[in-house]
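Just so we're aligned: the sequence shown equals residues -22 to -1, 1 to 372 in mature numbering (1 follows the signal peptide of the UniProt record, and there is no 0). Just so you know, even glycine gets a beta-carbon here, dropped at the ideal spot from N, CA and C. Below is one structure, written out as structure tokens; the observations come after it.
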Amino acid sequence: MQNMACVAALFPILWLATFTVAEETVLLPKQSIKKHPDTVLVLYGMRHGNRNPENFVNPVEKSWGLEGPMELTRFGKLQALGLGTALRQFVGKGFLDDNYLPKEASFFSSSAARCQMTLQASTAGLYTPVGWGDWSKKFDNWSPVPYSIDDPMLRMYAVSDCPNSDKAWAPISDDTWGPLAEKKQKGKVLLDYMAKNTGWDAAVSKAADLADNIIEIKLYNATLPDWLEHPTLPGYDKDSLVKAYMEFAEAHQNACAENEDCRRMMGGYWLKNVLDAMKKAKDGKGPKIIGYASHTEVTLALMKLMGYKRNEITTTAGFAIEFRNKPNPGVRLLDHDPNPVETHVIYKAALIPELEKLMDNEAFIDLDKFEAAIQSGVISKWEEACGRHSCAKP
């Protein structure tokens, strides 16, 4: 395994030690908060862990990317394991059994392999089997945990026969939505230089792919292509050129979460699931913990629908939510981020002013007031929201 001190030095390019809130850079806290004593339900959602790019800028490079395009890397697995470990520390003793119990926990994933593996790694960190659950000395710290795949909730963009999803994505995929069109126009010289040296289209999506390549090249201490290492583009040296291309990272995904139509289409049905889970907990029903693994555009969309002030999320980052019934049904919204790989922090989220003013002195928001504030983003029937035919299947 690559030396973690070296990895920590490389990961700032992933913004793992910081994130952006309303155009400000915020340092991550060094320690996680603890679950409130009255919390009866914890929900957490995450973007998948670090993955390979869709297209490789050095296709013959053999020092990294062997998992295949878009597949979870060893760093992504470590990030997810760290989240699970942090969640166990967050909930503390006595909230969950040391072993997985169906009545206590439910887990959901997108159908994408990188999400399923991220979820599996997070549950490996959450559960270390003991006693009756310690089933094999060869796998002394791991036991399989079941989960459900739900693409309408966690990967709506991949659901078949969903014309309204396609419609919401069209101006983003085509780079015609205002902010993306501006980004493409301002970055034309960069896109043309990339296209000339890779044979790729001069598109924002391809520049985002290049950013993904740069991330992995840095992580694995591999070699940048010569046209990046020794650029011939006027006005740029190596560092400034790499930085410029990194500005395209997750551009389409972040744009979807920012675009009102795409945001609701991606996150609205998941929002309903979250609210339904809290209502069940209000009635003393349902599990104690629910975990979800999804994608940038879906996770960030949901967070924005819930009032989070986040403009981007790195790999395995996302949200955690506490629900309590005493003294009255209430919700506390939290962030979680890797810092930088195996360590994960869970902390109080920055929220939009409309929700900030509803918080009590422990940062909980009355459930009814919370639901009223975010209700416009809910999708109750995903088939209708898709505009699909009644006989179609996911």
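How is Arg133 classed by DSSP in three states: helix, strand or coil?
On the sequence shown, residue 133 is found 155 positions in, with the first residue counted as 1. It is coil, neither helix nor strand.
Does DSSP classify Arg66 as helix, strand or coil?
The residue labelled residue 66 in the question sits at position 88 within the sequence shown. DSSP places Arg66 in helix when its eight states are reduced to three.
Can you tell me which of Asn33, Phe73, Thr96 puts its alpha carbon nearest to the alpha carbon of His14?
As a first step, residue 14 must be located in the sequence shown, where it is residue number 36. Closest by alpha carbon: Phe73.
How about Lys12 and Gly103: do their beta carbons lie closer than 8 Å?
Along the sequence shown, read from residue 1 onward, the residue named residue 12 stands at position 34. Along the sequence shown, read from residue 1 onward, the residue named residue 103 stands at position 125. Their beta carbons are not under 8 Å apart, which means Lys12 does not touch Gly103 by this criterion.
Leu79 versus Tyr135: straight-line alpha-carbon distance, rounded:
The residue you call residue 79 lines up with position 101 of the sequence shown. The residue you call residue 135 lines up with position 157 of the sequence shown. Those two C-alpha atoms are separated by around 32 Å.
Would Lys8 be called buried (16 or more neighbouring beta carbons within 10 Å of its own) or exposed?
Here residue 8 refers to the residue found at position 30 of the sequence shown. It is exposed - the Cβ of Lys8 has fewer than 16 other Cβ atoms within 10 Å.
From Lys216 to Pro157, what does the alpha carbon distance come to, in whole angstroms?
Translated into positions along the sequence shown, residue 216 becomes position 238. Translated into positions along the sequence shown, residue 157 becomes position 179. Rounded to whole angstroms, Lys216 to Pro157 spans 26 Å at the Cα level.
Who are the Cβ neighbours of Ala58 in its own chain at under 6 Å, not counting the five residues just before and after it?
Here residue 58 corresponds to residue number 80 of the sequence shown, with the count starting at 1. Closer than 6 Å at the Cβ level, and outside the excluded window around Ala58, lie Gly27, Thr96, Ala99, Ser100, Thr294.
Taking the C-alpha atoms as reference points, what is the distance between Gln67 and Leu329?
Stepping through the sequence shown from its first residue, residue 67 is reached at position 89. Stepping through the sequence shown from its first residue, residue 329 is reached at position 351. One C-alpha to the other measures close to 24 Å.
If you compare alpha carbons, which of Gly264, Glu236, Trp248, Asp338 is closest to Arg288?
Position 310 of the sequence shown, counted from the first residue, corresponds to residue 288. The option with the nearest alpha carbon to Arg288 is Glu236.
What whole-angstrom Cβ distance do Cys234 and Trp147 have, given they're in contact under 8 Å?
Working through the sequence shown from its first residue, we reach residue 234 at position 256. Working through the sequence shown from its first residue, we reach residue 147 at position 169. About 7 Å; that satisfies the 8 Å criterion.
Could you check if Gly365 is buried or exposed, using at least 16 other CB atoms within 10 Å of its CB as the buried criterion?
Here the question's residue 365 lines up with position 387 in the sequence shown. Flag for Gly365 reads exposed.
Residue from Pro107, Ala64, Tyr125 whose Cα sits closest to the Cα of Asn119:
Locating residue 119 in the sequence shown gives position 141, where the first residue counts as 1. If we check each option's Cα against that of Asn119, Pro107 comes out closest.
Meets three-Cβ-pair contact criterion under 8 Å: the segment 124 to 132 and the segment 265 to 283:
yes
My assumption, with CB atoms under 8 Å, is that Ala259 sits in contact with Phe301. Please give the rounded CB distance.
Mapped onto the sequence shown, residue 259 falls at position 281. Mapped onto the sequence shown, residue 301 falls at position 323. Rounded, the Cβ-Cβ distance is 5 Å, consistent with contact.
Would you kindly report the start and end of the unbroken alpha helix (DSSP H) that includes Val319?
Locating residue 319 in the sequence shown gives position 341, counting from the first residue. Looking at the DSSP string, Val319 is not in any alpha helix (DSSP H), and its letter there is neither H nor E.
Using DSSP with H/G/I as helix, E/B as strand and the rest coil, what is Ala(-14)?
Walking along the sequence shown from the start, residue -14 turns up at place 9. Low confidence applies here, because Ala(-14) scores a pLDDT of 38, under 50, leaving its location unreliable and the question unanswered by this model.
When burial is assigned at 16 or more other CB atoms within 10 Å of the CB, is Leu44 buried or exposed?
For this step, residue 44 is matched to residue 66 along the sequence shown. So Leu44 ends up on the exposed side.
Between the Cα of Ala229 and the Cα atoms of Glu160, Asp170, Trp205, Pro305, which residue gives the shortest distance?
Residue numbering aside, residue 229 sits at position 251 when the sequence shown is read from its first letter. Among Glu160, Asp170, Trp205, Pro305, the Cα nearest to that of Ala229 belongs to Glu160.
Counting only C-beta atoms, is Ala298 closer than 8 Å to chain B at any point?
Among the protein chains of the structure shown there is no chain B, as only one such chain exists.
Drop a sphere of 10 angstroms on the beta-carbon of Lys40, count the other beta-carbons inside from all chains shown, and report buried for 16 or more, exposed for fewer.
The residue you call residue 40 lines up with position 62 of the sequence shown. That one is exposed.
Nearest-angstrom Cα distance between Met224 and Lys164?
Taking the first residue of the sequence shown as position 1, residue 224 is located at position 246. Taking the first residue of the sequence shown as position 1, residue 164 is located at position 186. Looking at the two C-alpha atoms, the distance is approximately 14 Å.
Can you tell me whether Ser87 is helix, strand or coil according to DSSP?
For this step, residue 87 is matched to residue 109 along the sequence shown. Strand, per DSSP.
State the DSSP-derived secondary structure class of Leu336, mapped to helix, strand or coil.
Locating residue 336 in the sequence shown gives position 358, counting from the first residue. Three-state DSSP puts Leu336 in coil, outside helix and strand.
Rounded to the nearest angstrom, what separates Pro122 and Leu202 at their Cα positions?
Here residue 122 corresponds to residue number 144 of the sequence shown, with the count starting at 1. Here residue 202 corresponds to residue number 224 of the sequence shown, with the count starting at 1. Near 39 Å, if we compare the C-alpha coordinates of Leu202 and Pro122.
Quick one: is Trp110 buried, meaning 16 or more other Cβ sit within 10 Å of its Cβ, or exposed?
In the sequence shown, counting from the first residue as 1, residue 110 sits at position 132. Trp110 is exposed by the Cβ-count criterion.
From this set, His208, Val356, Lys335, Arg310, which residue's C-alpha is nearest Leu21's C-alpha?
As a working mapping, residue 21 is identified with position 43 in the sequence shown. If we check each option's Cα against that of Leu21, Arg310 comes out closest.
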